[in-house]
Each structure stands twice: as structure tokens, then as C-alpha cells.
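S.K.:
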Amino acid sequence: MNKISIFLVLTFSACVLCAGTIEEIREAYNEANEMIKNDEYYRTDISVNSHNLSFPAVGIYNRQITMFWESRPWSETVYGIVKIHIKSEISAAGYYDEYLFDEEGNLIFCYREGGYDEIERRYYFSGDRLLRLIAEGTVHDNPDEQQKREAADVLKAAEGLKIAFNGLHNYN
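Printed below as a string of C-alpha cells:
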């Protein structure tokens, strides 16, 4: 009986910790959106194929990337990425992605929608660990291997975006 009680306490504590982390990510997301709405962040806009030329073997192809960032003169990295929005049109499919970063530049949340399959995904991260995936309204707190591979692709995309951001904003 004592071992069962300890297991239940540890399981409950882990769920509370996870719920707190998810709630903190949601608060950071809402705060970033409010600051974006109030024009409180610097903003960098990138337009890919802005003249809408037909792309070989694809047809329609364009992408709008908006990077929201803040100046952090007290920090080692003077410019800090906060959030990135990406709106893409590729052939007959539209895509929309959002990436939210913490103050250390780690991805903590990604929202993706669109494509031919009309997906809607929310990824919650702590470091490189996927805490939760919400796919088409279904919550996955224990992601399977396919979902973990998807999350690894999201993390890789976020790293590429951070490299692009740093290349545009750090003039050393």
C-alpha cells in the first residue's frame, strides 16, 4: 500500500508540474500577442517571392515571415527573438505557423495550421522535450514516436529561423 501511495503522489506531482509549465507557456503566448497587438516589439518583415512569379514545378509560391523581437542591451544577445509568424501559399495550399521563444531563445510553443490536410497542431516544449501536442483538438501528453519526430522537425525549423534572425540582426 505504501508503494502505491508514493507512486500516486509522484504521478500527481508530475502532472501538476506539467500543467504549470503548460499554463506558463499559455501566459507567455497571451502576453506576447498583447504586446504585438500594441506594437510594443520591434518587427522585421521578410517577403519571399514578393512579385508572385510562378515557381518551377509548384506554381504559386510565396511566404511572408514576420519576426517580433526586443532590444536587450543588458543581455549577451542584444536582440532577442520573441515570436515569429509565417504565412505561406504553396500551389493550392495555405499554411500558417507561429513560433514562440522564451528569453533564452528556446522554442516553447509552435502553432501550425493548413496544408492539403488542413491540419491544426499546437506543440508545447520544455527545452528539446515535447510536453504536449494538441492535434486536431486531441490532447497528447504522452506523444508516440511519430509525434516526437514531428516535434523534432518543428525544433529544427525553429533553429533555422533563429539562425536567420541572428544573421539579420547581429552585426558583429
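Per our numbering, residue 354 is the first one in the sequence shown, and the count goes up by one each step. All C-beta atoms in this analysis are idealised placements derived from N, C-alpha and C, irrespective of residue type, glycine included.
1) How long is the line joining the alpha carbons of F478 and Y452, rounded to whole angstroms?
2) CB-CB under 7 Å to V369, same chain, minus the five flanking residues each way: which ones, in chain order?
3) Let me check one thing: in DSSP terms, what residues is G513 bridge-paired to?
4) For A367, which residues in the same chain have their Cβ closer than 8 Å to its Cβ, ignoring the five residues on either side in sequence?
5) Whole angstroms is fine: what's the gap from Y449's alpha carbon to V435's?
6) Measuring CB to CB, does R485 end up less than 7 Å from I375?
7) Within a Cβ cutoff of 6 Å, which residues of the same chain sit near D455, ignoring the five residues on either side of it in sequence?
8) Using the C-alpha atoms, what's the distance from P426 back to E387?
9) Are E442 and I413 closer than 7 Å when you measure CB to CB?
10) Ignoring anything shorter than 3 residues or poking outside the segment 435 to 489, list the beta strand (DSSP E) runs there in chain order.
11) Specify whether the segment 511 to 522 and the segment 405 to 412 touch according to this definition: at least 3 beta carbon pairs, one from each stretch, less than 8 Å apart.
12) Quick one: give me the first and last residue of the beta strand (DSSP E) that S527 is part of.
13) So, using beta-carbon positions, are E473 and E489 closer together than 7 Å?
14) Classify R396 as buried or exposed, calling it buried when 16 or more other Cβ atoms lie within 10 Å of its own Cβ.
15) Pick helix, strand or coil for V507, following the three-state DSSP scheme.
M.R.: So, from the data block:
1) On the sequence shown, position 125 is the one that residue 478 refers to. On the sequence shown, position 99 is the one that residue 452 refers to. Using only the alpha carbons, I get a separation of about 11 Å.
2) On the sequence shown, residue 369 is found 16 positions in, with the first residue counted as 1. Confidence in V369 is poor, its pLDDT being 36 and thus under 50, which makes the residue's placement unreliable; the coordinate value appears in the next sentence. Excluding positions up to five away in sequence, the list is empty.
3) The count along the sequence shown starts at 1 and reaches residue 513 at position 160. In DSSP, G513 forms no bridge with anything.
4) Taking the sequence shown and counting its residues from 1, the one referred to as residue 367 is at position 14. With a pLDDT of 38 at A367, under the threshold of 50, the modelled position of this residue cannot be trusted; read the value that follows with caution. So no residue of the chain qualifies.
5) Here residue 449 corresponds to residue number 96 of the sequence shown, with the count starting at 1. Here residue 435 corresponds to residue number 82 of the sequence shown, with the count starting at 1. Whole-angstrom Cα-Cα distance: 17 Å.
6) For the purposes of this step, residue 485 is taken as the residue at position 132 of the sequence shown. For the purposes of this step, residue 375 is taken as the residue at position 22 of the sequence shown. Yes. Within cutoff.
7) Position 102 of the sequence shown, counting from 1, holds the residue named residue 455. The answer, listed in chain order, is I461.
8) Looking up residue 387 in the sequence shown gives position 34. Looking up residue 426 in the sequence shown gives position 73. Cα-Cα distance, rounded: 23 Å.
9) As a position in the sequence shown, residue 442 is number 89, starting the count at 1. As a position in the sequence shown, residue 413 is number 60, starting the count at 1. Result yes, Cβ atoms of E442 and I413 sit closer than 7 Å.
10) 446 to 454, 460 to 467, 472 to 479 and 482 to 488
11) no
12) Because the chain in this structure spans residues 354 to 525, residue 527 falls outside the shown range and cannot be described.
13) If you number the sequence shown from 1, residue 473 lands on position 120. If you number the sequence shown from 1, residue 489 lands on position 136. In this structure, E489 lies closer than 7 Å to E473 by Cβ.
14) Locating residue 396 in the sequence shown gives position 43, where the first residue counts as 1. R396 is exposed by the Cβ-count criterion.
15) Taking the sequence shown and counting its residues from 1, one reaches residue 507 at position 154. It is helical.
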